[in-house]
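> Note that UniProt numbering has the sequence shown beginning at 1, numbered continuously upward.
Take a look at the following structure, please.
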Amino acid sequence: MELSKLASRSRHCGLVAHRRSSTPADCRSHITSLSLTDTTKPRSLMSTLRHDVSSKEGRVRFGRGVEVQRLVKCESLQEGQVGSVEEKTAFAGRLENGAEDSRQSGGHDDGLARAKLAVFVSGGGSNFRAIHAGCKENAIFGDVAYVVSDKPGCKGCEYAIENNIPVLAYPKGKHAPEGISPTELVEQLRGAGVEYILLAGYLRLLPSELVHAYPRAILNIHPALLPSFGGKGYFGMKVHEAVIRSGARFTGATVHFVDEKYDTGPILAQRVVPVRADDTPAELASRVLKEEHQLYSFAVSALCEDRIFWREDGVPIIRKSWDEAEYV
Numbered sequence: 001m002e003l004s005k006l007a008s009r010s011r012h013c014g015l016v017a018h019r020r021s022s023t024p025a026d027c028r029s030h031i032t033s034l035s036l037t038d039t040t041k042p043r044s045l046m047s048t049l050r051h052d053v054s055s056k057e058g059r060v061r062f063g064r065g066v067e068v069q070r071l072v073k074c075e076s077l078q079e080g081q082v083g084s085v086e087e088k089t090a091f092a093g094r095l096e097n098g099a100e101d102s103r104q105s106g107g108h109d110d111g112l113a114r115a116k117l118a119v120f121v122s123g124g125g126s127n128f129r130a131i132h133a134g135c136k137e138n139a140i141f142g143d144v145a146y147v148v149s150d151k152p153g154c155k156g157c158e159y160a161i162e163n164n165i166p167v168l169a170y171p172k173g174k175h176a177p178e179g180i181s182p183t184e185l186v187e188q189l190r191g192a193g194v195e196y197i198l199l200a201g202y203l204r205l206l207p208s209e210l211v212h213a214y215p216r217a218i219l220n221i222h223p224a225l226l227p228s229f230g231g232k233g234y235f236g237m238k239v240h241e242a243v244i245r246s247g248a249r250f251t252g253a254t255v256h257f258v259d260e261k262y263d264t265g266p267i268l269a270q271r272v273v274p275v276r277a278d279d280t281p282a283e284l285a286s287r288v289l290k291e292e293h294q295l296y297s298f299a300v301s302a303l304c305e306d307r308i309f310w311r312e313d314g315v316p317i318i319r320k321s322w323d324e325a326e327y328v
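Structure below.
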């Protein structure tokens, strides 16, 4: 692939391509391919830039907030000369700090800075567990830095403690007398470098201070196809009971961005689950929950890889890769 073509493709993902001035001018016409030296996330970039192989090797830096070494094949590339693709995003700080990061995920030490996540729970936290598993398996390019709960004694918090994830109690109340204030919550999360917040069965309305501090950076999972069967009072088994009572033939799961109300933020992703004629709420909940685990992990992965594109009308779309023409 010629460097000029690589530059054109790279601009789709906020990158620019260039070569060092010491590189021979005719090298541009001889750069024929890219191949990858590792399997580091984002995986979508790998398929985008996988091509045939030529001769000599040069090095390329490529990634969103990620420094990944790639190979450039160039017939006339001189030893010590480098063609590069360098990122220009707001996440450049991850490049500098990645080598010092200590990961809770237990993943391989590749010197890359991963997104720091805070997960909010009120109960068993099965979606939290699924996300944490995805982080440990490197299916999600991030790590859970904090768990926040209005019920610090819940099963989700027990799991966090077992996995050495710090727990914050919020808000102060009957089940959390040690709870912190909204301002303290924002300060704690920002101080820890948390980039994204994930609600996983958290039943409280988020404070406006937190919503404003994390614009377009808070996700929630809801066990129905919003905007139906959502809002205050629609949580847990109550949602599935309402779906069955309504006679709806389909339900599902929805991942959406969070605003200052219940279940009204922009919808990011959904999965459909058929409602059977003889379904009980428990049976339906079980099938929906399986889809929730997969859907939420998929959406969080896209968030951590910066693959979410916002249309002019405010609707978020997940890109299949960094090619703007491909969407999920």
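By construction, the Cβ of each residue, glycine as well, lies at the ideal position given by its N, Cα and C atoms.
The model shown is predicted, which means the values in this text are computed figures rather than measured ones.
1) Between residue 271 and residue 299, which are expected to be in contact by the criterion C-beta below 8 Å, what is the C-beta distance as a whole number of angstroms?
2) Could you check where the beta strand (DSSP E) with residue 185 kicks off and where it finishes?
3) My parser needs the alpha helix (DSSP H) runs of 4 or more residues fully inside the stretch 204 to 245; what are they?
4) To the nearest angstrom, how far is it from the Cα of residue 327 to the Cα of residue 305?
5) What does residue 121 pair with, by DSSP beta-bridge criteria?
6) Residue 252 lies in the beta strand (DSSP E); which residues open and close that run?
7) On the criterion of 16 or more Cβ atoms from any shown chain inside 10 Å, does residue 161 qualify as buried, or is it exposed?
8) Ordered along the chain, which non-local residues of its own chain (more than five positions away) have a Cβ less than 6 Å from that of residue 120?
9) Quickly, what does DSSP pair residue 327 with across the bridge? List them, please.
10) Helix, strand or coil for residue 63 per DSSP?
11) Using a Cβ-Cβ cut-off of 7 Å (strictly less than) and excluding sequence neighbours within five positions of residue 303, which residues of its own chain qualify?
12) In this structure, does DSSP put residue 288 in helix, strand or coil?
13) Skipping 5 residues on each side, what residues in its chain have a beta carbon closer than 7 Å to that of residue 140?
14) Is DSSP giving residue 300 helix, strand or coil here?
15) Out of 224, 153, 235 and 151, point me to the one whose CA is closest to residue 275's CA.
16) Is DSSP giving residue 309 helix, strand or coil here?
17) Identify, in the order they occur along the chain, each residue of the same chain with its Cβ nearer than 7 Å to the Cβ of residue 186, setting aside the five sequence neighbours on each side.
18) Sorted by chain position, which residues of the same chain lie with C-beta nearer than 7 Å to residue 264's C-beta, five sequence neighbours on each side aside?
19) Exposed or buried, which one is residue 307 when buried takes at least 16 other CB atoms within 10 Å?
20) Helix, strand or coil, according to DSSP, for residue 159 in the structure here?
21) Report buried or exposed for residue 251, applying the criterion of at least 16 other Cβ atoms within 10 angstroms of its Cβ.
Per the coordinate set shown:
1) Between residue 271 and residue 299 a beta carbon distance of about 10 Å is seen, past the 8 Å cut, so the two are scored as non-contacting.
2) Element bounds for residue 185: not the beta strand (DSSP E) but the alpha helix (DSSP H), 182 to 191.
3) Contiguous alpha helix (DSSP H) elements confined to the stretch 204 to 245 occur at 208 to 213, taking only those with 4 or more residues.
4) So the alpha carbons of these two residues sit roughly 14 Å apart.
5) Bridge partners of residue 121: 149.
6) 250 to 257 is the span of the beta strand (DSSP E), which, as asked, contains residue 252.
7) Within 10 angstroms of the beta-carbon of residue 161 lie fewer than 16 other beta-carbons, which makes it exposed.
8) Here residue 120 has 148, 199 and 202 as same chain residues with Cβ atoms under 6 Å from its own Cβ, once five neighbours each way along the sequence are excluded.
9) Note: residue 327 sits in a beta bridge opposite 319.
10) The pLDDT assigned to residue 63 is 38, lower than 50, so where the model puts this residue is not dependable; a value taken from the coordinates is nonetheless given after this. The three-state secondary structure of residue 63, taken from DSSP, is coil.
11) These residues qualify, in order along the chain: 196 and 219.
12) Residue state, collapsed to three classes: helix.
13) Correct list, in chain order: 131, 134, 297, 300, 301 and 304.
14) In this structure, DSSP gives residue 300 a helical state, which the three-state scheme calls helix.
15) The option with the nearest alpha carbon to residue 275 is 224.
16) Residue 309: strand per DSSP, three-state reduction.
17) Excluding sequence neighbours, residue 186 sits near 209, 210 and 213.
18) No residues qualify anywhere along the chain.
19) It counts as buried.
20) In the structure shown, residue 159 sits in a helix (DSSP, three-state: H, G or I).
21) Buried, since its Cβ has 16 or more Cβ neighbours within 10 Å.
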